Amino acid sequence: MKPARQDIEIILEQYPRHPQHLINLLQDVQAEYSYISAEHLTLICDHVGVPVTQAWSVATFYKSFSLEPRGEHEIKVCLGTTCHLKGGQRLVEACERNLGVARGQTTDDLKFTLDTVKCVGACALAPVVMVDEDYLGEANMVILKKRLEQV
Amino acid sequence: MQRLTNTAELKVLRDNLLQAQDPHRPIVRVCRGPGCLAVGADKVSQAFQSAIQSQNLEVKVQPLVKDTGCHGFCSQGPLVNLAPANLCYVRVKPEDVEEIVQTTLVKGAVVERLLYSDNGTRYKSAADIPFYRMQQKIILQNIGVIDPLDIHDAIMAGAYHSLAKALIEMSPDDVIRTVEISGLRGRGGGGFPTGYKWKRTVENAQENPGPVYIIANGEEGDPGAFMDRAIMEGDPHAVIEGMAIGAYAMGVNQGFLYVRHEYPIAIRHLAAAIAQARALGLLGKNILGAGFDFDLQINRGAGAYVCGEETAIIASLEGRVGEPVTRPPYPSQQGLWGRPTVINNVETWANVPHIIDHGAQWYADLGAPRSTGTKIFSLVGKVKNTGLVEVPMGISLGALVEEIGGGVPGQGRFKAVQTGGPSGGIIPYELKEEFTDYHFHPPDVKPADKMELSVDFDSMAQTGSIMGGGGMIVMDDHDCVVDLARYFLRFLEEESCGKCLPCRLGLKGMLEFLNNFSQGKGAPADIDALESLGKALVDGSLCGLGRTAPNPVLTSIRYFRDEYLAHIVDHHCPAGVCRDLITYRIDPEICNGCTLCAQTCPQVCITGANQQLHTIDQDACIRCGACMDVCPVDAVVVD
Amino acid sequence: MSSSENPQNQVISFTIDGQPVQARPGWTILETARHYRIHIPTLCFHPALKPWGSCRLCVVEARYGKRGKVMPSCLNPPIEELEVFTDSERVLNVRRWVLEMLLAGCPASREIKKLAAAYGVTSTRFAVTDPEEECLRCGRCVAVCNEVVGVQALTFGSRGVKKVLETPYRVPNNACIGCGCCVSVCPTGALQKRLDTVRGDLSRRTGHGYAH
Numbered sequence: 589m590k591p592a593r594q595d596i597e598i599i600l601e602q603y604p605r606h607p608q609h610l611i612n613l614l615q616d617v618q619a620e621y622s623y624i625s626a627e628h629l630t631l632i633c634d635h636v637g638v639p640v641t642q643a644w645s646v647a648t649f650y651k652s653f654s655l656e657p658r659g660e661h662e663i664k665v666c667l668g669t670t671c672h673l674k675g676g677q678r679l680v681e682a683c684e685r686n687l688g689v690a691r692g693q694t695t696d697d698l699k700f701t702l703d704t705v706k707c708v709g710a711c712a713l714a715p716v717v718m719v720d721e722d723y724l725g726e727a728n729m730v731i732l733k734k735r736l737e738q739v
Numbered sequence: 003m004q005r006l007t008n009t010a011e012l013k014v015l016r017d018n019l020l021q022a023q024d025p026h027r028p029i030v031r032v033c034r035g036p037g038c039l040a041v042g043a044d045k046v047s048q049a050f051q052s053a054i055q056s057q058n059l060e061v062k063v064q065p066l067v068k069d070t071g072c073h074g075f076c077s078q079g080p081l082v083n084l085a086p087a088n089l090c091y092v093r094v095k096p097e098d099v100e101e102i103v104q105t106t107l108v109k110g111a112v113v114e115r116l117l118y119s120d121n122g123t124r125y126k127s128a129a130d131i132p133f134y135r136m137q138q139k140i141i142l143q144n145i146g147v148i149d150p151l152d153i154h155d156a157i158m159a160g161a162y163h164s165l166a167k168a169l170i171e172m173s174p175d176d177v178i179r180t181v182e183i184s185g186l187r188g189r190g191g192g193g194f195p196t197g198y199k200w201k202r203t204v205e206n207a208q209e210n211p212g213p214v215y216i217i218a219n220g221e222e223g224d225p226g227a228f229m230d231r232a233i234m235e236g237d238p239h240a241v242i243e244g245m246a247i248g249a250y251a252m253g254v255n256q257g258f259l260y261v262r263h264e265y266p267i268a269i270r271h272l273a274a275a276i277a278q279a280r281a282l283g284l285l286g287k288n289i290l291g292a293g294f295d296f297d298l299q300i301n302r303g304a305g306a307y308v309c310g311e312e313t314a315i316i317a318s319l320e321g322r323v324g325e326p327v328t329r330p331p332y333p334s335q336q337g338l339w340g341r342p343t344v345i346n347n348v349e350t351w352a353n354v355p356h357i358i359d360h361g362a363q364w365y366a367d368l369g370a371p372r373s374t375g376t377k378i379f380s381l382v383g384k385v386k387n388t389g390l391v392e393v394p395m396g397i398s399l400g401a402l403v404e405e406i407g408g409g410v411p412g413q414g415r416f417k418a419v420q421t422g423g424p425s426g427g428i429i430p431y432e433l434k435e436e437f438t439d440y441h442f443h444p445p446d447v448k449p450a451d452k453m454e455l456s457v458d459f460d461s462m463a464q465t466g467s468i469m470g471g472g473g474m475i476v477m478d479d480h481d482c483v484v485d486l487a488r489y490f491l492r493f494l495e496e497e498s499c500g501k502c503l504p505c506r507l508g509l510k511g512m513l514e515f516l517n518n519f520s521q522g523k524g525a526p527a528d529i530d531a532l533e534s535l536g537k538a539l540v541d542g543s544l545c546g547l548g549r550t551a552p553n554p555v556l557t558s559i560r561y562f563r564d565e566y567l568a569h570i571v572d573h574h575c576p577a578g579v580c581r582d583l584i585t586y587r588i589d590p591e592i593c594n595g596c597t598l599c600a601q602t603c604p605q606v607c608i609t610g611a612n613q614q615l616h617t618i619d620q621d622a623c624i625r626c627g628a629c630m631d632v633c634p635v636d637a638v639v640v641d
Numbered sequence: 220m221s222s223s224e225n226p227q228n229q230v231i232s233f234t235i236d237g238q239p240v241q242a243r244p245g246w247t248i249l250e251t252a253r254h255y256r257i258h259i260p261t262l263c264f265h266p267a268l269k270p271w272g273s274c275r276l277c278v279v280e281a282r283y284g285k286r287g288k289v290m291p292s293c294l295n296p297p298i299e300e301l302e303v304f305t306d307s308e309r310v311l312n313v314r315r316w317v318l319e320m321l322l323a324g325c326p327a328s329r330e331i332k333k334l335a336a337a338y339g340v341t342s343t344r345f346a347v348t349d350p351e352e353e354c355l356r357c358g359r360c361v362a363v364c365n366e367v368v369g370v371q372a373l374t375f376g377s378r379g380v381k382k383v384l385e386t387p388y389r390v391p392n393n394a395c396i397g398c399g400c401c402v403s404v405c406p407t408g409a410l411q412k413r414l415d416t417v418r419g420d421l422s423r424r425t426g427h428g429y430a431h
């Protein structure tokens, strides 16, 4: 997470006022604030010129947007086909047990968000878990726990 | 950078750049493809940078370190290639870099232990390695060679030469005709004839004057497929040039690159490439002085597999949810903002410059008669050599898997190949039957036997699968087709847009059948019911996602009915995968009594004293596999 | 088929279940069938709204030469000499499965039970997750609010099996003017049941507008 947050106005200014930029804008706000607040959603709608119902349906349709704050660290268990064949499903369940959250959710202390992704392109190392930008290949709960302790 | 005002200046720039190159200068090309990045390629690259810059090396010419796109041989990463000897070092760690610098760069000798070896043979040159030797790299030829962040590198490799040729020597209609004659078919999986699509769009635009748009589909959603990612990250100018040529052919001024947001590196590289192209006057107004304006915009996806569908991309670009609409009208008639629009896959666009460069006949002679050219595949799964391969269409599946892929490793037996992702099917190793097809196809495509199946659009479709975008997953006898079919359905259930009933309800419905089967429940008649439900989705769904969703189920039933029956009637999973039908057991011959399993078991159902054999309570066991993961002696076996 | 292929704006002659019919220019197969009182079931179709094509119950099998294609009749115009079949095996297969799954997805709806019974579907083998559910996400309410009334008060959130009719932030939307059009186009009793979640308490309304 970056230390200083860009003012929402600066993000908005980078895009012309047209509906075609709705998703790009939502992506930028999501990246900057880790979620899309009601206030920001309204500002985005006004900027690109779509009704709030449309922005709502877009924000809830696409998986990359979150309406609640995400954790400081993102744990992504790959469930691509190769990772699935090599036990990705069991790994997700182990993570859910250990972190105490279901996939897609964030721990109460807002430290970790657990998610699944479909294919990070590292299939030779299946099953793969990503912790933020780091890849853990041939992962299992033991390896993951060690990595999380470092955080 | 000086803006180029005509095509002659482009040639001069290229010639000057090439002349300035020292052919003896050592170049270290570090692969930064996704597979290598995952095993620390960035650290290897940093190690090279600091080793070369910080020391005063005893060399005539300072070596150059280049970060490149995917070298393709992912199972052997991190990969490093050294020019001019074309030395291929595999599994390179940061700790090895110092030795490479001293031994190879300074002394010109080879570090033997870092060479790729197989069956006792060590291979020095990348060109000799069987994995590479059997491929035909056309689209991939620059990837792994050029620095994708340097347009000059791309230009030296030939980028924008075809655009210049098209602008000067060909009319827009010439370009379209060339693409038509080449036989290029869409590489995203649909296999629709590209030239015909372009032609129809131009005709529609003539009846209905106004802007025409082109879009590159970079929403590569199939899990396990990263062909488009490699192109966008490793050779972004190939896509830009292809689109510029297409824009010239169809009278387009604005193009869009729709890239899935899970590919931030691809987005960065494309953005940098576009900026550099604009600076050189290869994008923007009056390109190369030919009086033709064209520019590109990058739009990010947002995590929706369905946005790989044409009309869903359009909806997404218009700022709406990615819900497909019925076709007709096709995007070539009414696409983005109601205007004629051409959407082609990234790999399709990347083929265009080569077709213009070498001509339609050259391309038409490559590959198979009705599937011309080459195709990039992402070969993964239970196969020795995994990675990105480019082969001419018409190669046999056996050659792809056994000769390039190196066959199934370890004790596994080759069982099947899954192609086309969630929209594709499972093709067995032993394919003996005559085909009946689910779609209309020319009757002269012969059935194949034992992996002699030709890898081309029509032959794959005849098996009930599809060519797809290029994902090719090899399965062995420890992979269960019932489980795999179930996996794809769960994937699609999450990705369905939910607009039409057959797909929204039907995926859930099919999943209920498969959940039952994987638990050993149900009756043989349920298999027929599932097939019937599958056909309802094929006929009734609104878009390609729903229509092709039954493919994994229908092909697995067609070719592996016995495996389904084993689950349902015998309550047995032959591959040892389906959890409710297997048990984990600790082998008394191997167990050393370390108690690690008992400590890790979330159900606390493993008992045993220190140094004594441990046993699992089968009633409480949930088959989570934690014990298998921690056991240091692999004593946990699956029955 | 563009208008340039039909220069005199002639009627299009084709057949439905063997019966010769004629469509005026611009008519869809469904509109033609309704004109001739040939029954094709629908759920998401409404004459006041643009055809949406989500329920797929109106599918027919259209054969031209040897090729037969299953397509929604609400969205497709006919072409000359097309042979349309409203009850072919493929069509019935789609309808019956969709109706059986609807019985599980919307168990509380009388209308769906009746429609299903007409096609011989009286029970369902699929799991029922919500016994009170009646909404089949046909989209008519959203469409009427967007296209006809124009206030855009309600919408769909999420996607796939999680797709649900709701308002932004799941609180009553000030944009709603309480006209009741959504209730009147709803094919089941679904919207009736949840109208207050959209409209809120009328006595506390302060007016309406877009982004609030």
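Residue numbers (this note's numbering), protein chains in the order written: chain A, 589 to 739; chain B, 3 to 641; chain C, 220 to 431.
Ideal Cβ placement from N, Cα and C applies to all residues, glycine included.
For clarity, every value in this text was computed on a predicted model and none was experimentally measured.
Is it the case that the Cβ atoms of H356(B) and I140(B) are separated by a distance below 8 Å?
Inclusion of H356(B) and I140(B) in the CB contact set at 8 Å is warranted, their separation being smaller than that value.
Per-residue DSSP class, three states only, for A463(B):
helix
Excluding five sequence neighbours on each side, which residues of the same chain lie with their C-beta closer than 8 Å to the C-beta of D236(C)?
I257, V303, F304, T305, D306
Are V344(B) and G191(B) closer than 8 Å when you measure CB to CB?
no
Across the region 370-384 of chain B and the region 455-471 of chain B, are there enough close Cβ pairs to call them in contact, namely three or more that are closer than 8 Å?
yes
Is it true that the CB of V63(B) sits closer than 8 Å to the CB of P2(B)?
Absent from the model: residue 2(B). The displayed extent of chain B is 3 to 641, so no value can be given.
With 8 Å as the threshold, decide whether the Cβ of E264(B) is near any Cβ in chain A.
yes
Answer with yes or no whether the minimum CB distance from D631(B) to chain A is below 8 Å.
Interface annotation, D631(B): in contact with chain A, CB-CB separation under 8 Å.
Helix, strand or coil: how does DSSP classify A682(A) here?
Per DSSP, reduced to three states, the secondary structure at A682(A) is helical.
Give me the residue from L322(C), A335(C), W271(C) with the minimum Cα distance to C502(B).
W271(C)
Tell me, please, which residues DSSP counts as bridged to F379(B).
Under DSSP, F379(B) takes part in a beta bridge, and its partners are V391(B).
Environment of K285(C) [buried if 16+ CB atoms lie within 10 Å]
exposed
Quick one: which chain B residues come within Cβ less than 8 Å of C633(A)?
Within chain B, no residue comes near C633(A); the closest Cβ sits about 10 Å away, beyond 8 Å.
From I316(B), G500(B), A568(B), residue whose alpha carbon lies closest to that of N518(B)
The shortest C-alpha separation from N518(B) is found at A568(B).
Beta-carbon of V367(C) versus every beta-carbon of chain B: anything under 8 Å?
No - not a single Cβ of chain B is within 8 Å of the one on V367(C).
Express the C-alpha separation of I588(B) and H574(B) in angstroms, rounding to a whole number.
20 Å
Comparing the CB of T465(B) with every heavy atom of the ligand ADP, is any distance shorter than 7 Å?
The ligand ADP is not among the ligands present in this structure, which contains no ligands whatsoever.
Contact list for T388(B) against chain A, beta-carbon separation under 7 Å:
Correct list: C711, A712.
By Cβ distance below 7 Å, which residues in the same chain neighbour H263(B) in space, the five residues on each side in sequence not counted?
The residues R302, G303, A304, G305, in chain order, have a CB closer than 7 Å to that of H263(B) in the same chain once the five nearest residues on each side in sequence are set aside.
Consult DSSP for L713(A) and reduce its assignment to one of helix, strand or coil.
Helix.
Looking at the C-beta of C707(A), does it have a partner C-beta in chain B at a distance below 8 Å?
yes
With a cut-off of 8 Å, does the C-beta of L384(C) fall near any C-beta of chain A?
no
DSSP three-state call for I475(B): helix, strand or coil?
Residue state, collapsed to three classes: strand.
Whose C-alpha, out of V606(B), G226(B), T313(B), G253(B), is nearest the C-alpha of Y260(B)?
T313(B)
Collapsed DSSP secondary structure at D703(A) in the structure displayed
When DSSP states are grouped into helix, strand and coil, D703(A) belongs to the strand group.
Give, in chain order, every unbroken run of the alpha helix (DSSP H) that is at least 4 residues long and sits entirely within the region 229-286 of chain C.
248-254
Residues, ordered as in the chain, of the region 471-482 of chain B that lie near chain A by beta-carbon distance below 8 Å:
Along the region 471-482 of chain B, going in chain order, the ones with a CB nearer than 8 Å to a CB of chain A are G473, I475, M477, D481.
Kindly list the residues whose CB is nearer than 8 Å to the CB of L631(A), restricted to its own chain and excluding five residues on each side of it in sequence; keep chain order.
Same-chain partners within the cutoff: I596, L600.
For E311(B) and T438(C), the rounded distance between their alpha carbons:
What the structure shows of chain C is the stretch from 220 to 431, and residue 438(C) is not part of that stretch, so it cannot be assessed.
Checking contacts by CB at 8 Å: is Y338(C) closer than that to chain A?
no
Looking only at its chain, what residues have a beta carbon closer than 6 Å to the beta carbon of I148(B), apart from the 5 residues adjacent to it on each side?
D155, A156, A159
Any C-beta of chain A under 8 Å from that of P391(C)
no
Short of 8 Å in beta carbon distance, which residues of its chain neighbour P96(B), apart from the five on each side in sequence? Order them along the chain.
G42, K45, V46, Q48, A49
Taking only beta-carbon positions, decide if R359(C) is within less than 8 Å of chain A.
no
Would you mind sorting K382(C) into buried or exposed? The rule is 16 or more other CB atoms within 10 Å of its CB.
By the neighbour-count rule (16 or more Cβ atoms within 10 Å), K382(C) is buried.
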